[in-house]
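Report on the structure given below.
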Amino acid sequence: MIPESLKRLLKAMKPHSGRLTLALVTMGFTALTEPALVWMLKVLLDRGFAKPPTIPFWSVPVAIISLFIVRGVSTFTTTYLITWVSTRLLNEMRRSMFDRLLDVPLGFYNTKSVGQVINSMMFESQQVIEMIKNVLVNATLSGLTAIGLMGYLLYLNWRLTLVTLVLIPVTTVIIRITGKRLNMLTKRFLAINADMTQVLEETTRAHQVIKLFGGQNYERKRFEQRADEVRRYSIKMASTFAATVPITQTLTAIAVS
Numbered sequence: 031m032i033p034e035s036l037k038r039l040l041k042a043m044k045p046h047s048g049r050l051t052l053a054l055v056t057m058g059f060t061a062l063t064e065p066a067l068v069w070m071l072k073v074l075l076d077r078g079f080a081k082p083p084t085i086p087f088w089s090v091p092v093a094i095i096s097l098f099i100v101r102g103v104s105t106f107t108t109t110y111l112i113t114w115v116s117t118r119l120l121n122e123m124r125r126s127m128f129d130r131l132l133d134v135p136l137g138f139y140n141t142k143s144v145g146q147v148i149n150s151m152m153f154e155s156q157q158v159i160e161m162i163k164n165v166l167v168n169a170t171l172s173g174l175t176a177i178g179l180m181g182y183l184l185y186l187n188w189r190l191t192l193v194t195l196v197l198i199p200v201t202t203v204i205i206r207i208t209g210k211r212l213n214m215l216t217k218r219f220l221a222i223n224a225d226m227t228q229v230l231e232e233t234t235r236a237h238q239v240i241k242l243f244g245g246q247n248y249e250r251k252r253f254e255q256r257a258d259e260v261r262r263y264s265i266k267m268a269s270t271f272a273a274t275v276p277i278t279q280t281l282t283a284i285a286v287s
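Per the working numbering, the very first residue in the sequence shown carries number 31; after that it's consecutive.
What follows is the structure, given as structure tokens:
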């Protein structure tokens, strides 16, 4: 059963399927450059430094430069296309949100503050699109690269490839645990950011009252508290994400050893 949110996302992306397909193709070229570079370096070490060399010295540098040109063009094209689609989706989302905002009932603002509405419109919508873009690019590119490297590793040493395949379930569990924690931290981060936006909005609107009654210290403490919480959760999110890489690399080193 496909979640309703995913259905809505796929529906929004359907008009841009051509650009997304082209981006997928260019990501495939980028991914193929990884095993191709490894293969070229192996050829250089095996045949370029043999006595006598079995390949011309100029051939490998030309091949590597050509490979990086292909990689650069494909990476640029992918980034441009994905950014084009993501910014269009963000624009469409904000338009839809603003249209709904114009027709909300009068009691809507009894439960939602102005700061929350502004935060959802300006910040949360952009965060959602950025997360989708990053997941789409990183997951697809990493997956294609892994397939290419796995195929080349299978060609070189099938036993080592089997050891690597054993790590996939363990890595999947680590990623799922990390994903759940990041999801929880992100929700809390967005809520705190909405509170900080609300404090800014209230302070801006009531600046005359604050000065009249000497409430600067109180408002300063309110803002500093929210700002510190935003910083703390940003560090938690970054450390959680960063911890995944060394853990996975350590498991790989243990398996290979």
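By construction, the Cβ of each residue, glycine as well, lies at the ideal position given by its N, Cα and C atoms.
Here the structure is a predicted model, which means the values were calculated and not measured.
In whole angstroms, give me the CA-to-CA distance for residue i and residue j.
{"i": "THR141", "j": "VAL147", "result": "11 Å"}
{"i": "MET57", "j": "THR108", "result": "6 Å"}
{"i": "MET151", "j": "VAL229", "result": "17 Å"}
{"i": "ARG218", "j": "TYR263", "result": "8 Å"}
{"i": "LYS241", "j": "ALA257", "result": "22 Å"}
{"i": "SER22", "j": "SER172", "result": "As displayed, the chain neither begins before 31 nor continues past 287, which places residue 22 out of reach and without an answer."}
{"i": "ILE198", "j": "PRO86", "result": "40 Å"}
{"i": "PHE138", "j": "MET123", "result": "20 Å"}
{"i": "VAL92", "j": "GLY181", "result": "25 Å"}
{"i": "TRP69", "j": "MET127", "result": "50 Å"}
{"i": "THR233", "j": "THR117", "result": "31 Å"}
{"i": "VAL260", "j": "THR175", "result": "35 Å"}
{"i": "ASN247", "j": "ARG235", "result": "17 Å"}
{"i": "ARG206", "j": "PRO82", "result": "52 Å"}
{"i": "ILE95", "j": "SER89", "result": "10 Å"}
{"i": "LYS251", "j": "LYS210", "result": "32 Å"}
{"i": "ALA66", "j": "THR170", "result": "18 Å"}
{"i": "LYS266", "j": "LEU192", "result": "35 Å"}
{"i": "GLN156", "j": "GLN255", "result": "24 Å"}
{"i": "MET161", "j": "ILE99", "result": "28 Å"}
{"i": "PHE106", "j": "LEU166", "result": "16 Å"}
{"i": "LEU39", "j": "ALA273", "result": "30 Å"}
So, using beta-carbon positions, are residue i and residue j closer together than 8 Å?
{"i": "PHE253", "j": "MET226", "result": "yes"}
{"i": "ARG49", "j": "VAL134", "result": "no"}
{"i": "VAL144", "j": "GLU64", "result": "no"}
{"i": "THR208", "j": "THR270", "result": "yes"}
{"i": "LEU190", "j": "LEU179", "result": "no"}
{"i": "ILE204", "j": "THR278", "result": "yes"}
Drop a sphere of 10 angstroms on the beta-carbon of residue i, count the other beta-carbons inside from all chains shown, and report buried for 16 or more, exposed for fewer.
{"i": "GLN238", "result": "exposed"}
{"i": "ILE112", "result": "buried"}
{"i": "ASN223", "result": "buried"}
{"i": "ALA53", "result": "buried"}
{"i": "ALA61", "result": "buried"}
{"i": "ARG130", "result": "exposed"}
{"i": "LEU119", "result": "buried"}
{"i": "ASN121", "result": "exposed"}
{"i": "ILE159", "result": "buried"}
{"i": "THR194", "result": "buried"}
{"i": "LEU220", "result": "buried"}
{"i": "ASN149", "result": "buried"}
Over the uninterrupted alpha helix (DSSP H) stretch that includes residue i, give me the two end residues.
{"i": "MET57", "result": "47-73"}
{"i": "TYR139", "result": "First-last for TYR139: undefined, no H or E at that position."}
{"i": "MET152", "result": "It is not in any alpha helix (DSSP H) - MET152 carries neither H nor E in the DSSP assignment."}
{"i": "SER104", "result": "89-132"}
{"i": "LYS241", "result": "237-243"}
With a cut-off of 8 Å, does the C-beta of residue i fall near any C-beta of chain B?
{"i": "GLY245", "result": "Here chain B cannot be found, since the structure has a single protein chain."}
Quick one: does the C-beta of residue i sit closer than 7 Å to a heavy atom of the ligand ZN?
{"i": "LEU97", "result": "Summarising the ligand content, the structure contains no ligands, and the ligand ZN is consequently not present."}
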